[in-house]
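**Student:**
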Amino acid sequence: MKLANGDVINVITRDKEYDGGFIQSQKKDIITVKLNSGYNIGINKKEIKKIKLISKNKTEKKVFSFNFNKKLKKISILHTGGTVASVVDYKTGAVAPRFKPEEILNMFPELNEIASINSRLIGNIWSQDIRFVHFNILAREIKKEIEDGAKGVIITHGTDFLHYTSAALSFALENLPVPVLLVGSQRSSDRGSSDAGMNLINAVYFAVNSEMCDVGICMHNSMNDDYCAILSGLKTRKMHASRRDAFKAINSKPWALVDYRKGEIKYVDKNFNKKHNGKLELRLFNDKLKIGLLKSTINMDAKQFLFFKNYDGLVIEASGIGNLPTSVLDRYTKEHKKIFNALKTLTKKTVVVLAAQTIFGRLNMNVYSNQREMQEIRVLGHLNDMTPETTFVKLAWLLSNYKKETKDLLFENLRGEINERLMSDEFLDKNF
Ligand code: GLU
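For what it's worth, this note's numbering labels the leading residue of the sequence shown as 139, then goes sequentially.
Spelled out as structure tokens, the structure:
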């Protein structure tokens, strides 16, 4: 039986039965079914006992071909890799990053009704493999899309380090005239439980309907499949290894909640950049820079710090409101004098900045005498409320573009990375 995209079928496998729309799969041994819930499921042909055609898709051309409807806003989707753009290899069970962009659009035909979609594969990389040079490649591609008339750009991206890229793009794209949204998913797009479709469609819906001209992240807001949160590219972090609502606003609120099915955008905090008259400029990363990120622990030794003496910059995740083990308090803590001296050596050669290991809250390095001693030797970080990852990216970006002014600009709010006043409803117990 020759099936076409959108045909309504009934599939009986060894242990289950599915009703839904047929979607041509990239892999010969798999068929994909769009279930009534909106989810897609990939079924190995070997598992199938019977397929019944219930009705032919009469609107196939209209629904499943790319829509270049001039009345709809032009949105570009750039694929960089990650689970959102992956398929399960049903032989091995592994998830492989080799999804064609056209196939994502065919799987989520709703996209074609919201915008005129242009989609390109610009990379196929897991986010843990990202290097500074990838930020530059991506920023250039985004600029190209905007200059070609895109009114919004969506980036599909691996989730692990998605918040590094969102921070990097926030700094690299100066005077952004359109929304740029990063989208990931915790389950590959051809799995029944995938969150890819909802994240992607909500991102496109928000890009089309919002006045935001900034870099944000669009991911599930909760475990329910209703709203996605639009989060700041600079004040967000992956906070769970596997939940679909893993991304949370840190020391800030989500900008908005969006549900394309209801046609609803609920703004929570419009603390994003809007339309302006500036010209889009790129300020890229020096890919030769070496930046470290060290977590302070108990029982440290000075060598751990001195390892970074030839680095261009070092972020240290300090404990509490900005502490490192630099106090000699008894005969067992003599190493801490050496740690203090190691910091002194480092700050003469490189930029050393503290960020909060607690993730939430702000550092205050004026409270304890050990902190004041650190400030005297130019360990920076006083009043830092940026995540360690945003601090890392900002340090790299400043050293790339404003080397001489780096120390002064680190704690100047350049793009919305610093929240002047932290509110009590910006912590985990608050549900939006
Ligand atoms: N570790 C991979 C990445 O971040 C896959 C995880 C995901 O996309 O959720 O690219």
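Where is the CB? At the ideal position from N, CA and C, for every residue including glycine.
Fair warning: this is a prediction, and the values are worked out from it, not measured in the lab.
Are the Cβ atoms of T303 and F273 separated by less than 8 Å?
**Tutor:** Taking the first residue of the sequence shown as position 1, residue 303 is located at position 165. Taking the first residue of the sequence shown as position 1, residue 273 is located at position 135. Against a cut-off of 8 Å, the Cβ pair of F273 and T303 comes out as a contact.
**Student:** Could you pull the DSSP bridge partners for G451 from this structure?
**Tutor:** Counting from one through the sequence shown, the residue named residue 451 turns up at place 313. I429, V489.
**Student:** Please specify which runs of the beta strand (DSSP E), each continuous and at least 3 residues long, are wholly inside the stretch 383-417, giving them in chain order.
**Tutor:** You should have 385-387, 394-397, 402-405.
**Student:** Among F446, S562, T471, which has the Cα closest to the Cα of M438?
**Tutor:** Working through the sequence shown from its first residue, we reach residue 438 at position 300. M438 has its Cα closest to that of T471, out of F446, S562, T471.
**Student:** CB-CB under 8 Å to L533, same chain, minus the five flanking residues each way: which ones, in chain order?
**Tutor:** Within the sequence shown, numbered from 1, the residue matching residue 533 stands at position 395. Only I429, G451, V453, V489, V491, T544, L548 meet the Cβ criterion.
**Student:** Determine, using beta carbons only, whether V367 and F565 come nearer to each other than 8 Å.
**Tutor:** As a position in the sequence shown, residue 367 is number 229, starting the count at 1. As a position in the sequence shown, residue 565 is number 427, starting the count at 1. The sequence shown places Ala at residue 367, not Val. Result no, Cβ atoms of A367 and F565 do not sit closer than 8 Å.
**Student:** Could you say which of N539, N411, Q162 lies nearest to N244 if we only look at CA atoms?
**Tutor:** What you label residue 244 is simply residue 106 of the sequence shown in a count that begins at 1. The option with the nearest alpha carbon to N244 is Q162.
**Student:** How would you label L467, buried or exposed, when you count the other beta carbons within 10 angstroms and need 16 or more for buried?
**Tutor:** Translated into positions along the sequence shown, residue 467 becomes position 329. With fewer than 16 Cβ atoms within 10 Å of its Cβ, L467 is classed as exposed.
**Student:** Within 7 Å: the Cβ of G261 and any heavy atom of the ligand GLU?
**Tutor:** The residue you call residue 261 lines up with position 123 of the sequence shown. No, the beta carbon of G261 sits no closer than 7 Å to any heavy atom of the ligand GLU.
**Student:** Can you have a look at S224 and say buried or exposed, based on whether 16 or more other CB atoms are within 10 angstroms of its CB?
**Tutor:** What you label residue 224 is simply residue 86 of the sequence shown in a count that begins at 1. S224 should be labelled buried.
**Student:** Going by the DSSP bridge assignment, what does E527 pair with across the sheet?
**Tutor:** Numbered from its first residue, the sequence shown carries residue 527 at position 389. Its beta-bridge partners do not exist; DSSP assigns none.
**Student:** Determine the closest residue to I514 out of A440, E251, N479, R500, with distance taken between C-alpha atoms.
**Tutor:** The residue labelled residue 514 in the question sits at position 376 within the sequence shown. The question names Ile, but residue 514 in the sequence shown is Glu. Minimum Cα distance to E514 is reached at N479.
**Student:** Return the residue from the list L481, K281, I436, I556 that minimises the CA-CA distance to Y449.
**Tutor:** Your numbering for residue 449 matches position 311 in the sequence shown. Closest option to Y449, Cα to Cα, is L481.
**Student:** Is it buried or exposed for T297, if we count other Cβ within 10 angstroms and need 16 for buried?
**Tutor:** Mapped onto the sequence shown, residue 297 falls at position 159. The residue in question, T297, is buried, as its Cβ has 16 or more Cβ neighbours within 10 Å.
**Student:** With distances taken between CB atoms, is the gap from S323 to V396 smaller than 8 Å?
**Tutor:** Taking the sequence shown and counting its residues from 1, the one referred to as residue 323 is at position 185. Taking the sequence shown and counting its residues from 1, the one referred to as residue 396 is at position 258. Against a cut-off of 8 Å, the Cβ pair of V396 and S323 comes out as no contact.
**Student:** Return the bridge partner residues of R381 from the DSSP annotation.
**Tutor:** In the sequence shown, counting from the first residue as 1, residue 381 sits at position 243. Answer is none; R381 lacks a bridge partner.
**Student:** Per DSSP, which one or two residues make a beta bridge with F160?
**Tutor:** Position 22 of the sequence shown holds residue 160. The partner list for F160 (beta bridge, DSSP) reads V171.
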